[in-house]
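Trainee: Pasting in a structure now, in structure tokens, and then I'll have a few things to ask.
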Amino acid sequence: MNRFDILPGRMDLPGETICQYGSSEELAAECARFGNKGLLVHGRSLAKRGKISKITASAPPEVEVATWEHPGGEPTLRQLDKLLTMARETRPDWIAALGGGSVIDLAKAAAGLYHAKGNVTAYHDGAPITTAGLPFIAAPSTAGTGSEATKVSVLTNEETGIKKSFRSPHMMARLIILDPGLLKGSPEQVIAHAGMDALTQAIESYTSTGATWFTRQLALEGARLLFSNLVSVYETEGTDSSAAENVLVGSYLTGLAFSSSRLGVVHGLAHPLGARYKLPHGLVCAACLPYVLTFNRDAMIEDYETLSEAAGTDLLAAVAGLLADLDIDNPFKGKGFYDLDDMIEEVLASGSTKHNPRQVTESDARSLIRELFTY
Ligand SMILES: [Zn+2]
Numbered sequence: 003m004n005r006f007d008i009l010p011g012r013m014d015l016p017g018e019t020i021c022q023y024g025s026s027e028e029l030a031a032e033c034a035r036f037g038n039k040g041l042l043v044h045g046r047s048l049a050k051r052g053k054i055s056k057i058t059a060s061a062p063p064e065v066e067v068a069t070w071e072h073p074g075g076e077p078t079l080r081q082l083d084k085l086l087t088m089a090r091e092t093r094p095d096w097i098a099a100l101g102g103g104s105v106i107d108l109a110k111a112a113a114g115l116y117h118a119k120g121n122v123t124a125y126h127d128g129a130p131i132t133t134a135g136l137p138f139i140a141a142p143s144t145a146g147t148g149s150e151a152t153k154v155s156v157l158t159n160e161e162t163g164i165k166k167s168f169r170s171p172h173m174m175a176r177l178i179i180l181d182p183g184l185l186k187g188s189p190e191q192v193i194a195h196a197g198m199d200a201l202t203q204a205i206e207s208y209t210s211t212g213a214t215w216f217t218r219q220l221a222l223e224g225a226r227l228l229f230s231n232l233v234s235v236y237e238t239e240g241t242d243s244s245a246a247e248n249v250l251v252g253s254y255l256t257g258l259a260f261s262s263s264r265l266g267v268v269h270g271l272a273h274p275l276g277a278r279y280k281l282p283h284g285l286v287c288a289a290c291l292p293y294v295l296t297f298n299r300d301a302m303i304e305d306y307e308t309l310s311e312a313a314g315t316d317l318l319a320a321v322a323g324l325l326a327d328l329d330i331d332n333p334f335k336g337k338g339f340y341d342l343d344d345m346i347e348e349v350l351a352s353g354s355t356k357h358n359p360r361q362v363t364e365s366d367a368r369s370l371i372r373e374l375f376t377y
């Protein structure tokens, strides 16, 4: 890659990012710069842990914050419709998300589409968003999907069963609040799955055919931070605040990178598999990653060595070690598969697959799925 082509083309970046322990508690005050009326979209577990009431109670007197709780599960177009209806009735000045990737993807799409006309399905199907939405603020509670730093929202259309991403510069966050304190008390499985999603994204962004010198620096530093801190966050359930900060930043850098570079065939496989088997996205990525790295190895050339250096050992061995330390087994092994032809069609149509460093043919996709379910 030519270093003089540091940043060919446009790269969309968030407005501002704060990283500080406890900073999410000041969310309402921080968002007041966008107006005094806000809508806070959040997940269930943070509400149970008292985080949401703490934020609304500590809002400055002039700031009014309405809340919307994500009902759970993978985010869908129907949920987006409900959130948009509620938002348009409430008429906020800004929309903030405090939660994991699902919560952030929903709130981001609602903010981006707030002034857009017509049905949300059209935008999910690729119609461009032509009008600016509301200011969007993201505070991730997992590390993560990197969704806080992307212009991408991944949603499922329940009518067709298709899970896919859509993107717009209008969906980029104006403010990101990284609070390592939010990781404290996260269920260990969530830490493991979200962390493997972030790491897969770092590797796929680094080797993507859409990568630039600029995105590669971000992705490589993200990979390094995730490789060296993920196990510690998992073992301490987020209480090691220095490791928590490192994985949160690693995940964020990865999001910045892949928002522009795109990903690879792990993500091409993860969406159709995740939608059919109703498994967490990070778990599906973790399961697919070793098979795809083996498939891609010859096409990665020196990138394999560079990523091995970031991992501290041979890349495939490092990934296998990490999966063992995070107690992640391949959930597809020994399962029967169904709907294979449709699934392969979705894998090949995916923008992620198209950016894989090795071209993926129909028979490659078939073999990858067979291997995943067999070995
Ligand atoms: Zn992902």
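In the working numbering, each residue's number is its place in the sequence shown (first place is 1) plus 2.
Here a beta-carbon is modelled for each residue, glycine too, at the ideal position from N, C-alpha and C.
Computed from a prediction, not measured in an experiment: that's the story for all the values here.
1) Can you tell me which of the three DSSP states A109 falls into?
2) Roughly how many angstroms separate the alpha carbons of M174 and L318, rounded to a whole number?
3) Hey, is the stretch 42–53 in contact with the stretch 8–23, meaning 3+ C-beta pairs nearer than 8 Å?
4) Do the stretch 212–227 and the stretch 178–195 meet, that is, are 3 or more Cβ pairs less than 8 Å apart?
5) Could you say which of E373, T355, A124, V154 lies nearest to F339 if we only look at CA atoms?
6) Closer than 7 Å to a non-hydrogen atom of ligand 1 - does that hold for the CB of H195?
7) Which one of L100, T123, T92 has the shortest CA to CA distance from D83?
8) For Y377 and V105, I'd like the C-alpha separation in whole angstroms.
9) Kindly say whether A289, judged by its beta-carbon, lies nearer than 8 Å to any beta-carbon of chain B.
10) Classify P171 as helix, strand or coil using the three-state DSSP reduction.
11) If we call anything under 8 Å between Cβ atoms a contact, is C287 one with V267?
12) Residues bridged to S155 by DSSP?
13) Check H72 in the structure and name its three-state DSSP category.
14) Can you check which of these residues, D300, S170, V349, A145, is closest to N248 by C-alpha distance?
15) Tell me where the beta strand (DSSP E) around K39 begins and ends.
16) Measuring straight from C-alpha to C-alpha, what distance separates G40 and K53?
17) Is the stretch 157–177 close to the stretch 226–245, with three or more CB pairs under 8 Å?
18) I want to know whether the stretch 290–307 touches the stretch 350–366 - three or more CB-CB distances under 8 Å.
19) With a Cβ-Cβ cutoff of 8 Å, do A225 and I330 count as a contact?
20) Rounded to a whole number of angstroms, what is the C-alpha to C-alpha distance between A320 and F229?
Mentor: On the basis of the supplied data:
1) Reading the sequence shown from its first residue, position 107 is the one you call residue 109. If DSSP states are grouped into helix, strand and coil, A109 belongs with the helices.
2) In the sequence shown, residue 174 corresponds to position 172, counting from 1. In the sequence shown, residue 318 corresponds to position 316, counting from 1. Spanning the two alpha carbons is a distance of roughly 33 Å.
3) no
4) Too few Cβ pairs lie closer than 8 Å, so no.
5) Looking up residue 339 in the sequence shown gives position 337. Selected option, being the one with the closest Cα: E373.
6) Reading the sequence shown from its first residue, position 193 is the one you call residue 195. Judged by the Cβ position, H195 fails to qualify as a neighbour of ligand 1 at the 7 Å threshold, every heavy atom of the ligand being at least this far.
7) As a first step, residue 83 must be located in the sequence shown, where it is residue number 81. That would be T123, whose Cα lies nearest to the Cα of D83.
8) Within the sequence shown, the letter at position 375 stands for residue 377. Within the sequence shown, the letter at position 103 stands for residue 105. A direct Cα-Cα distance of roughly 34 Å separates Y377 from V105.
9) The chain inventory of the structure shown lacks chain B, comprising one protein chain alone.
10) The residue you call residue 171 lines up with position 169 of the sequence shown. Correct three-state label for P171: helix.
11) Here residue 287 refers to the residue found at position 285 of the sequence shown. Here residue 267 refers to the residue found at position 265 of the sequence shown. The answer is no: Cβ separation not under 8 Å.
12) Within the sequence shown, the letter at position 153 stands for residue 155. F168, per the DSSP bridge assignment.
13) Taking the first residue of the sequence shown as 1, we reach residue 72 at position 70. Note: H72 maps to coil in three-state DSSP.
14) Numbered from 1 along the sequence shown, position 246 holds the residue referred to as residue 248. For N248, the nearest C-alpha among the options comes from A145.
15) Locating residue 39 in the sequence shown gives position 37, where the first residue counts as 1. From DSSP, the beta strand (DSSP E) with K39 extends over 39–44.
16) Counting from one through the sequence shown, the residue named residue 40 turns up at place 38. Counting from one through the sequence shown, the residue named residue 53 turns up at place 51. Those two C-alpha atoms are separated by around 17 Å.
17) no
18) yes
19) Reading the sequence shown from its first residue, position 223 is the one you call residue 225. Reading the sequence shown from its first residue, position 328 is the one you call residue 330. No, Cβ-Cβ distance for A225 and I330 is not below 8 Å.
20) The residue given as residue 320 occupies position 318 in the sequence shown. The residue given as residue 229 occupies position 227 in the sequence shown. Approximately 8 Å between the Cα atoms of the pair.
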